[in-house]
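Engineer:
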Amino acid sequence: MTQTETQTETQTESATGTTLVIGGRGKTGRRVVARLRDKGRPVRVGSRSGQPAFDWHEPAGWAAALDGVDRVYVTYHPDLSFPGAAEQVRAFAEAAVAAGVRRLVLLSGRGEQAAQRAEEAVKESGADWTVVRASWFNQNFDEDFFLGSVRAGEFALPTADAVEAFVDADDIADVVVTALEDGRHVGRTYELSGPRLLSFGDVAAELSKATGRQITYVPVSDADFRAVLREQGQPEDFADLFGLLLDGRNAHLVHGVEEVLGRPPRDFSVYVREAAATGVWDV
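Going by my numbering, the sequence shown opens with residue 1061, and the numbers climb by one from there.
#1: Using the beta-carbon count (16 or more within 10 Å), is A1124 buried or exposed?
#2: Drop a sphere of 10 angstroms on the beta-carbon of E1251, count the other beta-carbons inside from all chains shown, and report buried for 16 or more, exposed for fewer.
#3: Any idea if K1087 is buried or exposed, counting beta-carbon neighbours within 10 angstroms, 16 or more meaning buried?
#4: Considering only the alpha carbon of each residue, which of A1158, R1108, I1275 lies closest to G1208?
#5: Could you check where the beta strand (DSSP E) with Y1133 kicks off and where it finishes?
#6: To the nearest angstrom, report how far apart Y1226 and L1257 are at their CA atoms.
#7: Hey, would you say E1241 sits closer than 9 Å to F1328, going by beta carbons?
#8: Count the C-beta pairs between the region 1105-1116 and the region 1217-1233 that are closer than 8 Å, then say yes if the count reaches three, no if not.
#9: Pick helix, strand or coil for A1181, following the three-state DSSP scheme.
#10: By the 10 Å Cβ neighbour count, where 16 or more other Cβ atoms means buried, how is T1338 classified, buried or exposed?
#11: How long is the line joining the alpha carbons of F1197 and D1228, rounded to whole angstroms?
#12: Decide if E1172 is buried, meaning its Cβ has at least 16 other Cβ atoms within 10 Å, or exposed.
#13: Curious, which full-length beta strand (DSSP E) runs of at least 3 residues does the region 1152-1218 contain?
#14: Per DSSP, what kind of secondary structure is E1266 in: helix, strand or coil?
#15: Where E1147 and V1343 are concerned, what is the direct C-alpha to C-alpha distance, given to the nearest angstrom?
#16: From this set, E1179, D1127, R1095, Y1331, which residue's C-alpha is nearest A1270's C-alpha?
#17: Where in the region 1283-1334 do unbroken runs of the alpha helix (DSSP H), each at least 4 residues long, occur, reported from the N-terminal end onward?
#18: Buried or exposed for H1245, going by 16 or more other Cβ atoms inside 10 Å?
#19: Determine the closest residue to D1230 out of E1334, G1077, L1080, with distance taken between C-alpha atoms.
#20: If you draw a straight line from the alpha carbon of V1157 to that of F1205, how long is it in whole angstroms?
#21: Taking 9 Å as the cut-off, decide whether the C-beta atoms of K1183 and V1191 are in contact.
#22: If you follow the beta strand (DSSP E) that R1424 is in, where does it begin and where does it stop?
#23: Taking 8 Å as the cut-off, does the CB of G1144 come closer than this to any heavy atom belonging to the ligand GDP?
#24: Please tell me whether R1131 and R1091 are closer than 9 Å, where the distance is taken between their beta carbons.
#25: On the criterion of 16 or more Cβ atoms from any shown chain inside 10 Å, does Q1176 qualify as buried, or is it exposed?
#26: When we look at the beta-carbon of G1224 and count the other beta-carbons within 10 Å, is it buried (16 or more) or exposed?
#27: Would you identify the three-state DSSP class for G1339, choosing helix, strand or coil?
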C-alpha cells in the first residue's frame, strides 16, 4: 500500500467523530449535512434553532455546540466581509481548538479581501484547515435572494455588463465534504467557479428559456439598489459587496471543483432546468 493510500484510508477511518455544520440549514450547509448523513457520519446542525443552539452573537453557547465535535464546517451569515466577522471567526476558531476540534473548513468569498482576515484567523488557530472560496451561487435565484424577482419576471441590479462564473451549491457541498474527510486537502485554499462566465443578461435569458416566461434583467444605479435594500429590510452593506465583486476581479474561471473532485463543475443551464422543473418559479 502506498503512503497516499495509507493516508487516505487513515483519514476515512478517522472521520467518525461529530461534525458541526454552522449554517446547517443554509444553502451549502444543509447540503453538507445531507451528504454526511448519507455517509452515516454523526452531524450536528449549527443554527439558532439547533439542539444545542448556535448563534454567532452568543459565544456563551458555543461550548455546548462544540461538545464532542472533532471537525467543523464554518459559514458566516450574512458575509465574512461585514464588520466584526473576522473577529468573531477568530474567537470561534480558538474556542473550537480548545474544545478539541481538529479540522476547520471555512467557506470564504472569492475576491473578498476583507474575508481574508477571517481566513487568517482559521489558519492561525492551530487546527488543520481548508479554505473554500466561492462567489455567486446559482441557488441565489431560486432559494432566497432573487427568488421573488424571478417570479415577478424582472430583477434589477447595479451590475451593468459585469460577468460572473456562477457556482452551484451542490458542487460547493461536494468539495466541503471531501475537505472535511480527506487529509490531502489540509492546508489548501481552493477557489470555485462554474464552467463559464455569464452576464446578468445571460442569466435572464437562461431563466426565460427554462421557465417559458420572459425574465428581464434591468441595470439600475447604486442609489436605487440601496433604496430597494432598505425597503426589503436588507443590510445596505450588500450594495458595497455587489460593487466589490462585480468590478472584474472575478471575471475569470477557476478550477477548484476539478482539483478536488476530478470532474467539471455543474453548468448554470443544468441548474435552471432542474430548478424550473420543481415549479419554484411558477406564478
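Every residue gets a Cβ at the ideal spot worked out from N, C-alpha and C, and that includes glycine.
Owing to the predicted nature of the structure, the values given are computational and were not obtained by experimental measurement.
Structural biologist: Result, derived from the coordinates:
#1: exposed
#2: buried
#3: buried
#4: I1275
#5: 1129-1134
#6: First, the residue type needs correcting, since residue 1226 is Phe and not Tyr in the sequence shown. C-alpha separation (whole angstroms): 7 Å.
#7: no
#8: no
#9: helix
#10: exposed
#11: The alpha-carbon separation between F1197 and D1228 amounts to approximately 6 Å.
#12: buried
#13: Here the runs fully enclosed are 1163-1169, 1188-1194, 1214-1217.
#14: In the three-state reduction of the DSSP assignment, E1266 falls in the helix class.
#15: About 43 Å.
#16: Y1331
#17: 1297-1305, 1316-1321
#18: buried
#19: E1334
#20: Between the alpha carbons of V1157 and F1205 lies a gap of roughly 34 Å.
#21: yes
#22: Because the chain spans 1061 through 1343 in this model, residue 1424 falls outside it and cannot be assessed.
#23: Summarising the ligand content, the structure contains no ligands, and the ligand GDP is consequently not present.
#24: 9 Å or more divides the Cβ of R1131 from the Cβ of R1091.
#25: buried
#26: Reading off the sequence shown, one finds Glu at residue 1224, where the question assumed Gly. Under this definition E1224 is a buried residue.
#27: coil
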